[in-house]
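*Asks:* Residue numbers (our numbering), protein chains in the order written: chain Z, 3 to 124; chain C, 1078 to 1367. Below you'll find the structure I mean.
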Amino acid sequence: MRLLTHNMLSSNVKGVVNGFPLRLEASSWVEKEVEFNADFLRSMFPKIDWPALAGAAQKIGYAALPDTADATMLESEDFLKKFHHALLEIHVEEGALVCPESGRRFPINKGIPNMLLNEDEV
Amino acid sequence: MPRPELQAPPEIFYNDTEARKYTTSSRIVEIQARISERALELLNLPDDGVPRLLLDIGCGSGLSGEAMTENGHHWIGYDISQSMLNVAVEREVDGDLLLADMGQGLGLRPGVIDGAISISAVQWLCYADKSSHEPRMRLKAFFGSLYRCLARGARAVLQLYAENMDQSTMILTCAMRAGFGGGVVVDWPHSSKAKKAYIVLTCGPPSAQAWLPKGKGEDGEMCTDSDEDSDDENETVGMYDRSRPRKKMKVNKKGRGRAWVLKKKEQMRKKGNVVPPDTKYTARKRKARF
Ligand SMILES: C[S@@+](CC[C@H](N)C(=O)[O-])C[C@H]1O[C@@H](n2cnc3c(N)ncnc32)[C@H](O)[C@@H]1O
């Protein structure tokens, strides 16, 4: 799972009002190079929850992202490179996503978060 | 062999053996690739070369995701079968994978997804595999969450194999109730083998929903599967529009009729309920008064 996906996911547990962002616990991750595409980053930027992205990146030791960001920063090549790396090139392999409201843990194995709910959570 | 959907729940049916068999069959690989390519075409994404963030719902081992990767898009795949996802990991697909049940909702933030495809998967929702499963509720959860996560104007294209008309109607009705507009595009409607139905759903104001393409009928490369008819077979069936009043969809005929009422009354009697006797007035329409 990349941070792109983490940034979109929200806890679906019955009764939870604000399930975003899921707290990221990562015990292992890998980096894989992805072709840089500035247009994609610009089109994604308005949809990204920046604090969630910066926070998740920090959890895995990538502290290069600023705490806040606005659209004017998309002019900067340097900013785009870091945004690109955080969003697309870090894959969390093992760990968990934790619902911020209910504390429910969704384990991540082999890079795949298990988002299956129990019957009483639907 | 009965349909897979009648044999076992998807997470059981698609076990390690089946997942491997599925993904190593060159016939299946080819068919799924072709369907996915067509679904992507029906998504009608802007032709500007910008990669998008898409969903593949019931992504399995990633055969359907390949079309999106080849076209440069990023995608998130949902599947309920760990075995299928294991094969996807082995094949090093480029999309992110989630072990999840679409019938529980997609769990995504609102308005963030640029489009969604689902290839040969949504019909599974029509079967109650657990006592707690209610197909309509699961379809509602699925379509509701799909509608919410899509950006306005975005589309979802679902290719599926409904067992009968009731299922397709139930699926479409649930999609419309969730707010989608759109309809069904049928490619190769006259070929039993090559025939494929795509539910094309659009999200947003009716103006954005007017677009519904034609089904394919003549096309050289498809003729491997269907060569019985080479004439123009284009056909688009069913145009549904969100702006149409909802009530009309329900009360389209003259009510259910006498036979239905009698049957229901009989069922109620069997259950031990007190039911008025059947008379010549039973199920008659009331006169319009006032
Ligand atoms: C025929 S396979 C198609 C896989 C892939 N889309 C392809 O084209 O090769 C159907 C897939 O739908 C998945 N599926 C069935 N019910 C599901 C559900 N409720 N949630 C998520 N996936 C489901 C199955 O596990 C299976 O992998």
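Here a beta-carbon is modelled for each residue, glycine too, at the ideal position from N, C-alpha and C. The model shown is predicted, which means the values in this text are computed figures rather than measured ones.
Quick one: what's Asp1156(C) bridged to in DSSP?
*Replies:* Walking along the second sequence from the start, residue 1156(C) turns up at place 79. Paired residue(s): Leu1176(C).
*Asks:* Taking all protein chains shown into account, do 16 or more other C-beta atoms lie within 10 angstroms of the C-beta of Lys1364(C), making it buried, or fewer, making it exposed?
*Replies:* The count along the second sequence starts at 1 and reaches residue 1364(C) at position 287. By the neighbour-count rule (16 or more Cβ atoms within 10 Å), Lys1364(C) is not buried but exposed.
*Asks:* Determine the burial state of Gln1109(C): buried for a count of at least 16 other Cβ atoms within 10 Å of its Cβ, exposed for fewer.
*Replies:* Translated into positions along the second sequence, residue 1109(C) becomes position 32. By the neighbour-count rule (16 or more Cβ atoms within 10 Å), Gln1109(C) is buried.
*Asks:* Starting from Asp1093(C), follow the alpha helix (DSSP H) in both directions and report where the run begins and ends.
*Replies:* The residue labelled residue 1093(C) in the question sits at position 16 within the second sequence. From DSSP, the alpha helix (DSSP H) with Asp1093(C) extends over Asp1093 to Thr1101.
*Asks:* Let me see if you follow: with CB-CB separation under 7 Å, is Asn39(Z) close to chain C or not?
*Replies:* As a first step, residue 39(Z) must be located in the first sequence, where it is residue number 37. At least one chain C Cβ lies under 7 Å of Asn39(Z).
*Asks:* Which word fits Ile1190(C), buried or exposed, when buried means at least 16 other C-beta atoms lie within 10 angstroms of its C-beta?
*Replies:* Start at 1 with the first residue of the second sequence, and residue 1190(C) comes out as number 113. Looking at its Cβ environment, which holds 16 or more other Cβ atoms inside 10 Å, Ile1190(C) is buried.
*Asks:* What residue from Thr1279(C), Ile1196(C), Gly1154(C) and Trp1337(C) has the CA that sits closest to Ile1105(C)'s CA?
*Replies:* As a position in the second sequence, residue 1105(C) is number 28, starting the count at 1. Among Thr1279(C), Ile1196(C), Gly1154(C) and Trp1337(C), the Cα nearest to that of Ile1105(C) is on Ile1196(C).
*Asks:* Can you give me the C-alpha to C-alpha distance between Asp72(Z) and Lys112(Z), rounded to a whole angstrom?
*Replies:* Residue mapping note: residue 72(Z) aligns to position 70 of the first sequence, counting from 1. Residue mapping note: residue 112(Z) aligns to position 110 of the first sequence, counting from 1. Going by the C-alpha atoms only, they are around 34 Å apart.
*Asks:* Under 7 Å Cβ-Cβ, which residues of chain Z neighbour Pro1128(C)?
*Replies:* Position 51 of the second sequence, counting from 1, holds the residue named residue 1128(C). The answer, in chain order, is Asn39 and Phe42.
*Asks:* For Leu11(Z), which residues in chain C fall below 7 Å Cβ to Cβ?
*Replies:* The residue labelled residue 11(Z) in the question sits at position 9 within the first sequence. Simply Gly1184 and Leu1185.
*Asks:* Can you name the residues of chain Z whose CB is closer than 9 Å to the CB of Leu1175(C)?
*Replies:* Position 98 of the second sequence, counted from the first residue, corresponds to residue 1175(C). Within 9 Å Cβ-Cβ: Met3, Thr7, Leu11, Ile114, Pro115, Asn116 and Met117.
*Asks:* Could you tell me if Ser1307(C) is buried or exposed, where buried requires 16 or more neighbouring beta carbons within 10 angstroms of its beta carbon?
*Replies:* Here residue 1307(C) corresponds to residue number 230 of the second sequence, with the count starting at 1. At Ser1307(C) the pLDDT is 32, less than 50, meaning the model places this residue with poor confidence; the figure from the coordinates comes in the next sentence. Exposed.
*Asks:* If you drop the 5 nearest sequence neighbours on each side, which residues of the same chain put their C-beta closer than 7 Å to that of Arg1215(C)?
*Replies:* Within the second sequence, numbered from 1, the residue matching residue 1215(C) stands at position 138. Excluding residues within five positions, the ones whose Cβ falls inside 7 Å are Gly1180 and Leu1202.
*Asks:* Quick one: residues with CB closer than 5 Å to any heavy atom of ligand 1, in chain order, please.
*Replies:* Qualifying residues, in the order they occur: Pro1087(C), Tyr1091(C), Gln1109(C), Gly1135(C), Gly1137(C), Leu1140(C), Ser1141(C), Asp1156(C), Ile1157(C), Ser1158(C), Met1161(C), Asp1178(C), Met1179(C), Gly1180(C), Ile1196(C), Ser1197(C), Ala1198(C) and Trp1201(C).
*Asks:* Suppose contacts are defined by Cβ-Cβ distances below 7 Å. Is Gly1221(C) in contact with Ala1255(C) by that definition?
*Replies:* For this step, residue 1221(C) is matched to residue 144 along the second sequence. For this step, residue 1255(C) is matched to residue 178 along the second sequence. Yes. Within cutoff.
*Asks:* Assuming Ile1194(C) and Asp1133(C) are in contact, meaning their beta carbons sit under 8 Å apart, how far apart are those beta carbons, in whole angstroms?
*Replies:* One-based indexing of the second sequence puts residue 1194(C) at position 117. One-based indexing of the second sequence puts residue 1133(C) at position 56. Right, their Cβ atoms sit about 6 Å apart.
*Asks:* Specify the secondary structure class of Gly1188(C) as computed by DSSP and reduced to three states.
*Replies:* Sequence index remark: in the second sequence, residue 1188(C) carries index 111 (1-based). Gly1188(C) falls in the coil class under three-state DSSP.
*Asks:* What's the call for Gln1236(C), buried or exposed, on a 16-neighbour Cβ count within 10 Å?
*Replies:* Within the second sequence, the letter at position 159 stands for residue 1236(C). The residue in question, Gln1236(C), is buried, as its Cβ has 16 or more Cβ neighbours within 10 Å.
*Asks:* Measuring only between beta-carbons, confirm whether Val1189(C) sits less than 7 Å from chain Z.
*Replies:* As a working note, residue 1189(C) is residue 112 in the second sequence. Output row for Val1189(C): interface = yes.
*Asks:* Which residue comes first and which comes last in the beta strand (DSSP E) that contains Ala98(Z)?
*Replies:* Here residue 98(Z) refers to the residue found at position 96 of the first sequence. Ala98(Z) -> beta strand (DSSP E) spans Ile92 to Val100.
*Asks:* Strictly under 7 Å for the Cβ-Cβ distance: is Ser104(Z) near chain C by that measure?
*Replies:* Within the first sequence, the letter at position 102 stands for residue 104(Z). No, its Cβ sits nowhere closer than 7 Å to a Cβ of chain C.
*Asks:* By DSSP, does Ser1268(C) sit in helix, in strand, or in coil?
*Replies:* On the second sequence, position 191 is the one that residue 1268(C) refers to. DSSP places Ser1268(C) in coil when its eight states are reduced to three.
*Asks:* Of all the options Thr1250(C), Val1262(C) and Tyr1238(C), which has the alpha carbon lying nearest to the alpha carbon of Lys1270(C)?
*Replies:* The residue given as residue 1270(C) occupies position 193 in the second sequence. Nearest C-alpha to Lys1270(C): Tyr1238(C).
*Asks:* The beta strand (DSSP E) with Gly1230(C) in it runs from where to where?
*Replies:* Here residue 1230(C) corresponds to residue number 153 of the second sequence, with the count starting at 1. Where Gly1230(C) is concerned, the enclosing beta strand (DSSP E) stretches over Leu1227 to Gln1236.
*Asks:* What's the gap between the Cα of Met1078(C) and the Cα of Val36(Z)?
*Replies:* Counted from its first residue, the second sequence places residue 1078(C) at position 1. Counted from its first residue, the first sequence places residue 36(Z) at position 34. C-alpha separation (whole angstroms): 44 Å.
*Asks:* Could you run through the segment 1129 to 1158 of chain C and flag, in chain order, every residue whose CB is less than 7 Å away from some CB of chain Z?
*Replies:* Those residues of the segment 1129 to 1158 of chain C that come within reach of chain Z (Cβ to Cβ, closer than 7 Å) are Leu1130, His1151 and Ile1153.
*Asks:* Within 7 Å (strictly less), CB to CB, does Asp1178(C) reach chain Z?
*Replies:* Taking the second sequence and counting its residues from 1, one reaches residue 1178(C) at position 101. Taking Cβ atoms only, chain Z reaches closer than 7 Å to Asp1178(C), which makes this a yes.
*Asks:* Using a threshold of 7 Å, state whether the C-beta atoms of Tyr1204(C) and Met1161(C) are closer than that.
*Replies:* Numbered from 1 along the second sequence, position 127 holds the residue referred to as residue 1204(C). Numbered from 1 along the second sequence, position 84 holds the residue referred to as residue 1161(C). Cβ atoms of Tyr1204(C) and Met1161(C): not closer than 7 Å.
*Asks:* So which residues on chain C does Ser45(Z) lean against when the C-beta distance must stay under 7 Å?
*Replies:* Here residue 45(Z) refers to the residue found at position 43 of the first sequence. Per Cβ cutoff of 7 Å: Val1127.
*Asks:* Inspect the beta-carbon positions of Ala40(Z) and Val94(Z) and report whether they are closer than 7 Å.
*Replies:* Start at 1 with the first residue of the first sequence, and residue 40(Z) comes out as number 38. Start at 1 with the first residue of the first sequence, and residue 94(Z) comes out as number 92. Not closer than 7 Å, so no.
*Asks:* Is the segment 1085 to 1102 of chain C in contact with the segment 1149 to 1161 of chain C, if contact means three or more CB pairs nearer than 8 Å?
*Replies:* Enough Cβ pairs lie closer than 8 Å, so yes.
*Asks:* Can you pull the DSSP bridge partners for Asn116(Z)?
*Replies:* Along the first sequence, one-based indexing puts residue 116(Z) at 114. In the DSSP output, where bridge partners are listed per residue, Asn116(Z) has Leu1176(C).
*Asks:* What does the alpha-carbon distance come out to for the pair Thr70(Z) and Glu79(Z)?
*Replies:* By one-based count along the first sequence, residue 70(Z) stands at place 68. By one-based count along the first sequence, residue 79(Z) stands at place 77. Thr70(Z) and Glu79(Z): Cα-Cα distance of roughly 17 Å.
*Asks:* Closer than 6 Å by C-beta to Pro115(Z): which residues in its own chain qualify, once you throw out the five before and the five after it? Chain order, please.
*Replies:* Counting from 1 along the first sequence, the entry for residue 115(Z) is found at position 113. Excluding residues within five positions, the ones whose Cβ falls inside 6 Å are Met3, Leu99 and Phe108.
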